[in-house]
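2 protein chains.
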Amino acid sequence: MAKRKSIGIAICGLGNVGGETARLLRSRKAELSARLGAPVHLRWVVSRHASTAARKLGLPASVKRAKTPKAALNDPAVDVVVELFGGLDAARRLVLDAFAAGKHVVTANKHLVSERFEELDRAARKARRGLAFEAAVAGGIPIIGAIRDGLAANRVERIVGIFNGTTNYILSKMAHEGCEMNSALAEAQALGMAERDPTMDINGMDAAHKIAILGSMLSGHWVPPRKIAREGIERVEAEDVRFAVERLGHTVRLLGTVAPAKKGTAVEAHVQPTLVPLKHPLAAVHGGYNAVLIQASSAEDLMFYGKGAGPGPTASAILADVLHVSQANQRQPAFNLRGQAKIRPEAQAPYYLKLRVADVPGALSGITGKLGKEGISIAQIFQNERGGRSVPVMILTHKTSREKLDRAIRGVLKLKTVSRRHSRLRLLPDDNA
Amino acid sequence: MAKRKSIGIAICGLGNVGGETARLLRSRKAELSARLGAPVHLRWVVSRHASTAARKLGLPASVKRAKTPKAALNDPAVDVVVELFGGLDAARRLVLDAFAAGKHVVTANKHLVSERFEELDRAARKARRGLAFEAAVAGGIPIIGAIRDGLAANRVERIVGIFNGTTNYILSKMAHEGCEMNSALAEAQALGMAERDPTMDINGMDAAHKIAILGSMLSGHWVPPRKIAREGIERVEAEDVRFAVERLGHTVRLLGTVAPAKKGTAVEAHVQPTLVPLKHPLAAVHGGYNAVLIQASSAEDLMFYGKGAGPGPTASAILADVLHVSQANQRQPAFNLRGQAKIRPEAQAPYYLKLRVADVPGALSGITGKLGKEGISIAQIFQNERGGRSVPVMILTHKTSREKLDRAIRGVLKLKTVSRRHSRLRLLPDDNA
Numbered sequence: 438m439a440k441r442k443s444i445g446i447a448i449c450g451l452g453n454v455g456g457e458t459a460r461l462l463r464s465r466k467a468e469l470s471a472r473l474g475a476p477v478h479l480r481w482v483v484s485r486h487a488s489t490a491a492r493k494l495g496l497p498a499s500v501k502r503a504k505t506p507k508a509a510l511n512d513p514a515v516d517v518v519v520e521l522f523g524g525l526d527a528a529r530r531l532v533l534d535a536f537a538a539g540k541h542v543v544t545a546n547k548h549l550v551s552e553r554f555e556e557l558d559r560a561a562r563k564a565r566r567g568l569a570f571e572a573a574v575a576g577g578i579p580i581i582g583a584i585r586d587g588l589a590a591n592r593v594e595r596i597v598g599i600f601n602g603t604t605n606y607i608l609s610k611m612a613h614e615g616c617e618m619n620s621a622l623a624e625a626q627a628l629g630m631a632e633r634d635p636t637m638d639i640n641g642m643d644a645a646h647k648i649a650i651l652g653s654m655l656s657g658h659w660v661p662p663r664k665i666a667r668e669g670i671e672r673v674e675a676e677d678v679r680f681a682v683e684r685l686g687h688t689v690r691l692l693g694t695v696a697p698a699k700k701g702t703a704v705e706a707h708v709q710p711t712l713v714p715l716k717h718p719l720a721a722v723h724g725g726y727n728a729v730l731i732q733a734s735s736a737e738d739l740m741f742y743g744k745g746a747g748p749g750p751t752a753s754a755i756l757a758d759v760l761h762v763s764q765a766n767q768r769q770p771a772f773n774l775r776g777q778a779k780i781r782p783e784a785q786a787p788y789y790l791k792l793r794v795a796d797v798p799g800a801l802s803g804i805t806g807k808l809g810k811e812g813i814s815i816a817q818i819f820q821n822e823r824g825g826r827s828v829p830v831m832i833l834t835h836k837t838s839r840e841k842l843d844r845a846i847r848g849v850l851k852l853k854t855v856s857r858r859h860s861r862l863r864l865l866p867d868d869n870a
Numbered sequence: 438m439a440k441r442k443s444i445g446i447a448i449c450g451l452g453n454v455g456g457e458t459a460r461l462l463r464s465r466k467a468e469l470s471a472r473l474g475a476p477v478h479l480r481w482v483v484s485r486h487a488s489t490a491a492r493k494l495g496l497p498a499s500v501k502r503a504k505t506p507k508a509a510l511n512d513p514a515v516d517v518v519v520e521l522f523g524g525l526d527a528a529r530r531l532v533l534d535a536f537a538a539g540k541h542v543v544t545a546n547k548h549l550v551s552e553r554f555e556e557l558d559r560a561a562r563k564a565r566r567g568l569a570f571e572a573a574v575a576g577g578i579p580i581i582g583a584i585r586d587g588l589a590a591n592r593v594e595r596i597v598g599i600f601n602g603t604t605n606y607i608l609s610k611m612a613h614e615g616c617e618m619n620s621a622l623a624e625a626q627a628l629g630m631a632e633r634d635p636t637m638d639i640n641g642m643d644a645a646h647k648i649a650i651l652g653s654m655l656s657g658h659w660v661p662p663r664k665i666a667r668e669g670i671e672r673v674e675a676e677d678v679r680f681a682v683e684r685l686g687h688t689v690r691l692l693g694t695v696a697p698a699k700k701g702t703a704v705e706a707h708v709q710p711t712l713v714p715l716k717h718p719l720a721a722v723h724g725g726y727n728a729v730l731i732q733a734s735s736a737e738d739l740m741f742y743g744k745g746a747g748p749g750p751t752a753s754a755i756l757a758d759v760l761h762v763s764q765a766n767q768r769q770p771a772f773n774l775r776g777q778a779k780i781r782p783e784a785q786a787p788y789y790l791k792l793r794v795a796d797v798p799g800a801l802s803g804i805t806g807k808l809g810k811e812g813i814s815i816a817q818i819f820q821n822e823r824g825g826r827s828v829p830v831m832i833l834t835h836k837t838s839r840e841k842l843d844r845a846i847r848g849v850l851k852l853k854t855v856s857r858r859h860s861r862l863r864l865l866p867d868d869n870a
């Protein structure tokens with residue numbers, strides 16, 4: 438085999454993650470070069486404030502700086518472009534231009550990859566270059582690599598996971614301290630665990646992006662994130678979490694699920710707050726951690742757990758990708774998406790439903806009647822507190838479809854004895870465990 | 438890049454794992470060939486009963502059969518030899534002969550790799566061929582690949598894990614059902630979860646083999662398994678497990694630990710039954726599962742969880758290795774062991790100590806005196822039951838060295854008021870969490 442030439446890297450975007458990637462690339466240069474069998478060089482940093490940022494990072498003069506990626510893309514010494522611009526438009530432009538210039542691309546941008554997977558994959562194939570995004574799913578956990586390499590002999594049948602650290606921090610805090618969502622969120626923001634605008638975390642969209650990427654990989658068909666049935670943690674109340682822990686031996690986790698059909702283009706994909714038994718490994722995932730449970734045809738059940746965000750874990754994943762694209766067989770890009778997947782919601786699950794009900798005779802039978810009308814059978818009803826104008830009633834159903842449950846809830850909420858404020862949580866089905 | 442020729446495989450050893458590897462290799466042939474960019478062929482099966490076994494597996498006539506590996510090693514169409522003979526001598530011979538014949542080697546043999554790592558690594562280097570053993574550590578969990586590829590930008594600072602499914606099954610059963618070790622073991626044997634001779638599982642030697650392999654990989658120096666400080670689960674009693682769960686909020690796990698020093702050849706390595714807080718992710722690992730917690734310099738804390746044994750998980754790991762050695766840069770074998778590591782026991786840990794003590798005045802002060810003499814300070818003492826000739830006394834110490842504790846225990850057991858039967862369990866130190 439011919440001796441390999443050196444591998445040149447351009448880092449585009451020098452925020453916390455880009456800075457840490459540059460630092461780590463330089464501090465682990467010897468080990469990374471030994472692994473590749475070729476010296477690895479940071480050639481360019483690209484950022485609006487590249488000069489200032491490079492000075493702060495103590496980068497040597499041999500690392501060129503630019504405000505736009507053009508010169509880096511034209512530099513034949515650059516083999517891999519690391520896209521850390523973030524957002525959609527500028528990042529997409531950069532990735533497409535990089536492929537057009539014959540570079541491999543590594544990105545941490547889950548929004549971009551999930552929304553534009555087909556287009557980016559096509560560009561990578563056309564350019565015969567690698568596209569890698571380990572950092573886009575579950576941060577520092579090497580989950581994409583595990584599916585691609587470690588589980589290469591398996592069909593991955595189902596992935597269930599905690600893909601968003603912010604909401605997991607909030608749900609953990611609600612369980613441990615009994616506080617409401619908003620106060621847990623405020624504390625997460627004060628600690629830098631949540632963004633100033635946490636909408637995409639709280640409403641489950643961030644988790645849906647990651648589920649979309651995994652679903653596209655597993656099925657070979659693009660899973661558009663907007664088509665994923667999705668519910669966030671907006672309506673989870675402290676009372677629900679307390680009841681789950683104390684009375685049901687469960688805790689609440691925001692779970693993303695993806696399961697491709699054995700044949701064809703159908704993919705089950707959804708994001709839902711879910712009651713998980715306290716003994717289940719996903720219940721032991723606390724704070725800002727992510728965890729990914731994989732059902733594989735031969736390796737059986739696996740779980741991967743780790744930090745879902747942060748400069749160190751993200752830079753670790755980015756550099757694993759830099760090695761991967763530099764080594765990979767260039768005739769064989771990793772993905773080969775063929776059109777769009779048919780997204781399906783979950784067929785059936787048991788549910789927890791909390792209603793506030795006037796404490797009058799017959800109130801309960803009105804509710805059970807509406808559920809029965811949709812063919813929903815009840816596993817348990819809890820009605821403990823008494824007194825006051827309305828009392829909370831907790832109902833556990835047997836397996837039912839979300840559609841039937843929603844129809845039944847609409848019926849229930851029309852009852853005069855039931856207040857509009859309610860919670861609904863999925864219970865983890867046995868076959869997901 | 439030149440089009441690659443096909444990759445030929447010889448499977449040596451056709452027990453449950455070899456049979457499943459042959460079956461999986463054939464059923465996933467298209468996917469594995471696509472990943473490699475070259476067709477993968479099973480060329481040989483080698484076993485004393487190769488013909489019968491091959492017939493039972495429905496292998497086509499194109500797969501050659503032999504009672505000894507000689508012809509397979511001489512066949513230029515064979516690129517990768519899968520060693521599944523088991524044991525030490527015949528397996529070692531096969532691996533060395535395979536390298537001498539210019540083949541890559543994949544093995545699931547933790548005993549062989551841990552005892553002969555230096556010799557095998559030297560032979561691989563000399564032959565410029567790959568040596569891979571994903572299945573030897575934590576079965577179907579792709580942990581070796583994760584350390585090698587996914588965490589390539591990290592220094593792995595510490596690994597703590599559950600590496601033996603048999604003892605984890607026994608400890609889980611003791612915690613859930615309150616039974617003693619021997620009855621849990623008998624049930625594990627009846628279910629095929631434990632071998633007929635479970636000595637190497639129960640006494641921690643199997644876990645020590647895996648720790649030795651990981652320690653050698655992380656430090657670059659051979660860690661001989663026999664030098665690893667090791668205690669099995671022989672002395673863990675139902676009473677200890679019950680007390681741990683009910684009074685301490687902990688459970689018992691047999692943990693293997695390895696932590697290479699930042700520089701030099703020192704490696705901390707030990708296997709010990711350990712009290713783990715119930716909220717800790719390792720406490721959520723039940724039954725025959727394995728789990729590996731990794732502290733990495735950039736990715737931070739990670740955990741990998743899955744089936745530690747069984748034909749499916751093992752075959753999955755073996756085929757991941759077949760892909761790896763077929764793809765790897767052949768000038769760069771993965772290991773480069775340079776002499777022997779200096780194995781160190783754990784510096785300090787807190788301990789749980791259970792003694793049976795005559796219920797007479799002054800008995801406790803005799804015990805605390807012996808502990809104090811060794812400079813061991815006591816965090817808590819529990820003495821609940823009263824009456825009878827002797828009562829159990831549970832003592833939790835602050836951090837101390839194992840050496841001091843052993844000396845103190847020898848002193849305590851000389852006291853007339855203390856019976857010889859006792860238990861001792863390490864508590865997971867905070868910095869391991």
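Chains as they are written, first to last, in the working numbering: chain A, 438 to 870; chain B, 438 to 870. Beta carbons are placed, not taken as given, at the ideal position from N, Cα and C, and that holds for glycine.
Contacts around residue 439 of chain B, its chain only, beta-carbon distance under 8 Å, and the 5 residues preceding and following it disregarded: Residue placement at residue 439 of chain B is flagged as unreliable, the pLDDT there being 43, under the threshold of 50; the coordinate-derived value follows with that caveat. Excluding residues within five positions, none has a Cβ falling inside 8 Å.
Sheet register partners of residue 697 of chain A (DSSP bridge): A:704
Straight-line gap, residue 494 of chain B to residue 559 of chain B (C-alpha atoms, nearest Å): 35 Å
Integer Cβ distance of residue 745 of chain B from residue 602 of chain B, believed to fall under 8 Å: 4 Å
Nearest-angstrom Cβ-Cβ length linking residue 448 of chain B and residue 479 of chain B, presumed shorter than 8 Å: 7 Å
According to DSSP, residues forming a beta bridge with residue 827 of chain A: A:795
Residues bridged to residue 686 of chain A (per DSSP): DSSP lists no partner for residue 686 of chain A.
Minimum Cβ-Cβ distance from residue 718 of chain A to chain B less than 9 Å: yes
Any chain B beta carbon closer than 9 Å to residue 606 of chain A: no
Residue interval of the beta strand (DSSP E) (run including residue 478 of chain A): 477-483
Whole runs of the beta strand (DSSP E) within the stretch 590-631 of chain B, excluding any shorter than 3 residues: 593-599
Contacts of residue 753 of chain A in chain B (Cβ-Cβ under 9 Å): 587, 588, 589, 590, 591, 733, 734, 735, 736, 737
Contact set between residue 578 of chain B and chain A, taken where Cβ atoms lie within less than 7 Å: 739
Residue range of the unbroken beta strand (DSSP E) whose run includes residue 587 of chain A: No beta strand (DSSP E) holds residue 587 of chain A; DSSP gives it neither H nor E.
Cβ contact (3+ pairs, closer than 8 Å) linking the stretch 840-847 of chain B and the stretch 809-822 of chain B: yes
Bridge partner(s) assigned by DSSP for residue 740 of chain B: A:742, B:730
Closer than 9 Å to chain A by CB, residue 583 of chain B: yes
Residue 465 of chain B: contacting residues in chain A (beta-carbon distance under 7 Å): 590
Residues near residue 645 of chain A in its chain [Cβ-Cβ closer than 6 Å; skip 5 each side]: 662, 665, 667, 708
Residues bridged to residue 819 of chain B (per DSSP): B:831
Within chain A, the residues that residue 641 of chain B reaches when beta carbons sit closer than 7 Å: Within chain A, no residue comes near residue 641 of chain B; the closest Cβ sits about 24 Å away, beyond 7 Å.
Cβ contact check for the stretch 787-796 of chain B and the stretch 616-633 of chain A: 3 or more pairs under 8 Å: no
Burial state of residue 634 of chain A, where buried means 16 or more other Cβ atoms lie within 10 Å: exposed
Buried or exposed (CB count within 10 angstroms, at least 16 for buried), residue 638 of chain B: buried
Bounding residues of the alpha helix (DSSP H) (the contiguous stretch that carries residue 805 of chain A): 800-810
CB contact check: residue 864 of chain B to chain A, cutoff 9 Å: no
Cross-strand partners of residue 780 of chain B (DSSP beta bridge): B:704
Spatial neighbours of residue 572 of chain B in its chain, beta-carbon cut-off 6 Å, leaving aside the 5 residues before and after: 545, 751, 754, 755
Buried versus exposed call for residue 658 of chain A [16 or more other C-beta atoms within 10 Å across all chains shown]: buried
Beta strand (DSSP E) segment containing residue 862 of chain B, residue limits: 860-864
Residue range of the beta strand (DSSP E) that includes residue 723 of chain B: Neither: residue 723 of chain B is in no beta strand (DSSP E) and is coded neither H nor E.
Selection from A:861, A:835, A:655 that minimises the alpha carbon distance to residue 468 of chain B: A:655
Residue 831 of chain A to residue 680 of chain A span [Cα, whole Å]: 9 Å
Listed by chain order, chain A residues near residue 559 of chain B by CB distance under 9 Å: None at all; the shortest Cβ gap to chain A is about 18 Å.
DSSP beta-bridge partners of residue 502 of chain B: B:482
Simplified DSSP state of residue 662 of chain B, which is helix, strand or coil: helix
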